[in-house]
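Numbering (our numbering), first residue to last: 621 to 1068.
We put the beta carbon where it would ideally sit given N, CA and C, even for glycine.
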C-alpha cells in the first residue's frame, strides 16, 4: 500500500508550485503548434511521474536528488511545449525554480520563527494528516505574496515572444549549478533542523538560501537587460552607419542636381534670347529646376541637406514645414550626427502628421540660442493618445524590431554632446525639446 507521508504530499505540492512559478516567465513566449494538447499531456505526465516517484529514503541526499530530478523534468516539458531554444528554456525554468525556492525558504522561516510548528515535517516520513491546516494557510499566503511580488518585479519585464538566450554557456551552467546547490543546502538545513539544529545556524543557513535565490534572479535579469541593451545599441549603431552613407549619397546627389540646374538655367537663358520657346513655357521650366535654389539656407550644410531631402517628400504629401533656425549654432556637432538627429526628428513628425487631415499637416522647427543654452524645438499635431515609457514616446508602428530606435538614437546623440531631450504631448500638440549648453558644445570635438 502506498504510504501517504508528509514528503509524499509535499512533492506533489512542490510540482504545482514549481510549474506555477515557471509559467509566470513562460506564458508570453512562442508556443509550439497544438499547445493546448502538449501542455495538457506534459502536465499530466509530470504529475504521474512525481506521484509514482519512489521515496527510498528520508534524508537530505535522496531528497536533493528527487527534487533536482523534478526540476530537470520541467526543463524537458517546457521544451516540448514552447517554441524556444534550450538556453531560453533553462533561463525560464531556473528563474521559476528560484522563485519557488525563495517562497519555500521564507515560509519555513515564518513557521520556525513564529513557532507555529516544525516545518521540517514536510520532508519527514510522518503521516500527511499531521500537517496542521494553519501551516497550509500560511504556506498559501507566503507563496501568493512572493509570486505576486516576483511577477510584478520580474515576470512582467519579459516581452511577448522575447529571446531569452544567455550567450555564455559557462554562465548558463553556473545558474543550473546554483539551483543544485540551493536544493542540497535547503535539504540539509531542513533535516538538520528536524534534528534540533541550533537556531543561529538555522537562520544563517536560511538567509544564505534566500540570498542565493535572489542572486540567481538578479543575475539572470541583469544579463537579460545587458543583452537587450547590447541588441539595441547594435541596431542604433547600424542605423547611424546607414544614415552616414545616406548623408554622403544625398549630399552628392543634391550637389550634382544643383550644378546641373545651374547649367540648365544658362542654357534656358540662351534659348530664350533666340526666341525658340515661348516665355510661359520657359518660366515653368525655370520654376521646376529652381526648386533646390529655393530651399532654406540654415548656415549648416548637413541641416540644409536633410531639410532639402524631407522638404521634397513633404511637398508631395501636402505637409507644411516652417523653420526658424540658426544652423551655425550646430557647428559643434558632426555632419552625420546633425543629419541623423534631424532626420529622425523629421521622420517621426512626418509619420505622425500623415495620419491627419491635410490642413493639420504642419511641422515647426526652431533652433535658437537662449542665454547659455542652445534650444531646439520641434512641434506637430497628432491624433489619438501618445504613450510614454521611461519619458520616451513608444512607437505605434507594428514593426517594433526597428521602429522606436530612432528616438533612442536621438537620445544618444543629444547625450553625446552633453545635452538633454524631453518630450511632451498635450492638447493634440506634440513637442520635442532639446537643450545643449553652449559652453560645453563649443568645446565638443567636431568630426564628420
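Per the C-alpha coordinates, the member of 1055, 1035, 712 and 688 positioned closest to residue 998 is 1055. Between residue 968 and residue 1034, the alpha-carbon positions lie close to 16 Å from each other. With respect to residue 786, residue 711 sits close: the two C-beta atoms are nearer than 8 Å. Contact annotation, residue 924 with residue 988: C-beta distance approximately 17 Å; criterion of less than 8 Å not satisfied. When the Cα atoms are used, residue 820 and residue 1041 turn out to be separated by approximately 53 Å. Rounded to the nearest whole angstrom, the CA to CA distance from residue 1039 to residue 1057 is 7 Å.
Collapsing the DSSP output to three states places residue 979 in a helix. The stretch 716–736 and the stretch 659–669 do not touch, with fewer than 3 CB-CB distances between them shorter than 8 Å. Take the alpha-carbon of residue 631 and the one of residue 669: they are about 11 Å apart.
The beta carbon of residue 637 sits closer than 8 Å to those of 720, 723, 724 and 763, all from its chain and outside the five residues before and after it, given in chain order.
In the three-state scheme derived from DSSP, where H, G and I count as helix and E and B as strand, residue 629 is classed as helix. Burial check for residue 1011: the Cβ neighbour count within 10 Å stays below 16, so the residue is exposed. In the structure shown, the three-state DSSP call for residue 940 is strand. Assignment of residue 677 by DSSP, reduced to helix, strand and coil, places it in the coil class. For residue 987, the pairing in a beta bridge is given by DSSP as 945 and 996. DSSP places residue 974 outside any beta strand (DSSP E), giving it a letter other than H or E. Take residue 798, set aside five residues on each side of it, and the residues of its chain with a beta-carbon closer than 7 Å to its own are 832 and 836, in chain order. With contacts defined as CB atoms closer than 8 Å, residue 684 and residue 758 fail to qualify as a contacting pair. The beta carbon of residue 840 is closer than 6 Å to those of 715 in its chain, skipping five residues each way along the sequence. Excluding its 5 nearest sequence neighbours in each direction, residue 1050 has C-beta neighbours in its own chain below 7 Å: 972, 999, 1000, 1002 and 1006, listed in chain order. Beta bridge pairing from DSSP links residue 1054 with 996 and 1041.
A direct Cα-Cα distance of roughly 18 Å separates residue 772 from residue 726. In the assembly as shown, residue 626 is a buried residue. Its beta-carbon has 16 or more other beta-carbons within 10 Å.
Apart from sequence neighbours up to five positions away, the residues of its chain that approach residue 700 with a beta-carbon distance below 8 Å are 652, 658 and 662, ordered along the chain. Under the three-state reduction of DSSP output, residue 765 falls in the helix class. Beta-bridge pairing by DSSP links residue 1008 to 1013. In terms of Cβ geometry, residue 795 and residue 844 do not form a close pair [threshold 8 Å].
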